[in-house]
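**Student:** Before we start, here is the structure in question, set down as structure tokens.
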Amino acid sequence: MTAEPSAVDDSAADASAGGPSADNAGTVSRLIRAWFVEHGRDLPWRRDGFGAWGILVSEIMLQQTPVARVIPRLEQWLERWPTPEALAAAAPGDAVRAWERLGYPRRALNLHAAATAITHNHGGMVPEDVPSLLALPGIGEYTARAVAAFAYGHRHPVVDTNVRRVIARVVLGQGEAGPPSTRRDLAAMEELLPADPTDAQSTNAATMELGAIVCTARKPLCQECPVRDLCQWRADGYPVYEGKRPAPQKRFEGSDRQVRGLILAELRASDVPVTPEEIVQVWPDSAQRERALDGLLRDGLVVLSGADYELP
DNA sequence: GACGCGTGGCG
DNA sequence: TCGCCAAGCGT
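Numbering-wise (full-length UniProt numbering), the first sequence opens with residue 1 and increments by one.
Following this line, the structure appears as structure tokens:
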């Protein structure tokens, strides 16, 4: 729950005791927004009139994928499929092919399925409310709120990995965010959010941006941080994080993930169904190869065509 | 809540 | 070189 005023009187920036509490949440928000106006990147999805569909596509592509790799693919994608209806009319496999090497190709399949649902269940319009967005395949807690907030200006806390890190440091005085907890994370961001929807929207975007380019995971640029004087982590002398951490990623080389990627690359590159003999060439270990192939079939990324394999 | 899921760049 | 990291989601 919000409940804190903060709208008036920014004179008492205080912060004498270190990190911000509800008292100066408004100051933190204001400082981050002011910094964002000055230093935020000019990204395609932030342009006026970019549209809810474009924003939705961008958010899906940005899931675990760096901005620099998304931008060119996004532009091509929207040129080819400028509306949900256009994408829904294509074969799912065309979406997987157009995804190219963005990674996590299930996102392409989910995006196609979401476009189909939007076309058939929402009159071709990207839904505005969080529950409807959450019901779409491939859209979870983060993406649903990001679309509602950034495409439609609704006032929701939007919490991604960057926001979690900023809150962990500035508010909680911890160097790392630890494992995510949707409930806690949304409540923490809600504390920072101004009552005005427009200010709330820019607070969401600005906090994400701050985490992306200043309050970074490694080597944060505290000298350039607009809230360095309010930061609890800094006030405490940058204590080393001792709490729980998410499980580390597993090695990619030799993993099932790699094999899946190689098989899918083979299918993307072929106009015709790929034979089992050709699949064998992709990876020598048969047990691992079969496991990867079964997984792809189960995920619907690959389908049978007689004895051969192809994209859906 | 933990785990599996791609790919590439960077320190 | 190699481990970490990058606007998460579904099971």
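By construction, the Cβ of each residue, glycine as well, lies at the ideal position given by its N, Cα and C atoms.
Measure the beta-carbon distance from GLN201 to PHE150 and round it to whole angstroms, keeping in mind my assumption that it falls under 8 Å.
**Tutor:** Sure, about 7 Å apart at Cβ, within 8 Å.
**Student:** Identify the continuous beta strand (DSSP E) that holds ASP256 and give its terminal residues.
**Tutor:** In the DSSP assignment, ASP256 falls outside any beta strand (DSSP E) and within the unbroken alpha helix (DSSP H) covering 256-268.
**Student:** Between the alpha carbons of ARG155 and GLU266, how many angstroms are there, rounded?
**Tutor:** 44 Å
**Student:** Which term fits GLN223, buried or exposed, when burial requires 16 or more other beta carbons within 10 angstroms of its beta carbon?
**Tutor:** exposed
**Student:** Would you call the region 232-240 in contact with the region 180-200, where contact means no fewer than 3 C-beta pairs closer than 8 Å?
**Tutor:** Counting C-beta pairs with one atom in each stretch, the region 232-240 and the region 180-200 have fewer than three that are closer than 8 Å, which means they do not touch.
**Student:** Would you check if the distance between the CB atom of LEU53 and the CB atom of PRO84 is smaller than 7 Å?
**Tutor:** The sequence given here has Trp at residue 53, not Leu. Less than 7 Å separates the beta-carbon of TRP53 from that of PRO84.
**Student:** Using 10 angstroms around the beta-carbon of ASP160, count the other beta-carbons present and answer buried if the total reaches 16, otherwise exposed.
**Tutor:** buried
**Student:** What is the DSSP secondary structure of VAL28, counted as helix, strand or coil?
**Tutor:** helix
**Student:** Where ALA86 and TRP233 are concerned, what is the direct C-alpha to C-alpha distance, given to the nearest angstrom?
**Tutor:** 48 Å
**Student:** Roughly how many angstroms separate the alpha carbons of TRP45 and ALA307, rounded to a whole number?
**Tutor:** The alpha-carbon of TRP45 is positioned some 43 Å away from that of ALA307.
**Student:** Using 8 Å as the Cβ pair cut-off and three pairs as the minimum, do the region 106-117 and the region 136-144 touch?
**Tutor:** yes
**Student:** Only counting the same chain, and skipping five residues up and downstream in sequence, which positions put a Cβ closer than 8 Å to that of GLN258?
**Tutor:** PHE252
**Student:** Assuming ASP94 is part of the alpha helix (DSSP H), what are its boundary residues?
**Tutor:** If you look at ASP94, you'll find it in the alpha helix (DSSP H) that goes 92-99.
**Student:** Output the distance between the C-alpha atoms of PRO179 and GLU128, rounded to the nearest integer angstrom.
**Tutor:** 29 Å
**Student:** How many Å lie between ASP294 and GLY153 at the Cα?
**Tutor:** 42 Å
**Student:** Under DSSP, the beta strand (DSSP E) around GLU176 begins and ends at which residues?
**Tutor:** Segment: none, GLU176 is in no beta strand (DSSP E) and carries neither H nor E.
**Student:** Put TYR142 into one of helix, strand or coil per three-state DSSP.
**Tutor:** helix
**Student:** Since I believe VAL166 is in contact with THR207 (beta carbons under 8 Å), could you give me their beta-carbon distance rounded to a whole number of angstroms?
**Tutor:** 5 Å
**Student:** In the DSSP assignment, what residue or residues form a beta bridge with ASP308?
**Tutor:** SER305
**Student:** Does the Cβ of MET61 have 16 or more other Cβ atoms within 10 Å, making it buried, or fewer, making it exposed?
**Tutor:** buried
**Student:** With DSSP collapsed to three states, give me the class of VAL57.
**Tutor:** VAL57: helix per DSSP, three-state reduction.
**Student:** Straight-line CA distance for residue 391 to THR65?
**Tutor:** Outside the displayed span of the chain (1 to 312) sits residue 391, for which this structure offers no information.
**Student:** Please name the residue, chosen from CYS231, VAL302, SER255, that lies closest to PRO276 on a Cα-to-Cα basis.
**Tutor:** Closest by alpha carbon: VAL302.
**Student:** For MET208, report the span of its alpha helix (DSSP H) as first-last.
**Tutor:** 197-213
**Student:** How about PRO105 and PRO312: do their beta carbons lie closer than 7 Å?
**Tutor:** no
**Student:** To the nearest angstrom, report how far apart ALA168 and CYS215 are at their CA atoms.
**Tutor:** 11 Å
**Student:** Within 10 angstroms of the Cβ of GLU38, are there 16 or more other Cβ atoms? Answer buried if so, exposed if not.
**Tutor:** exposed
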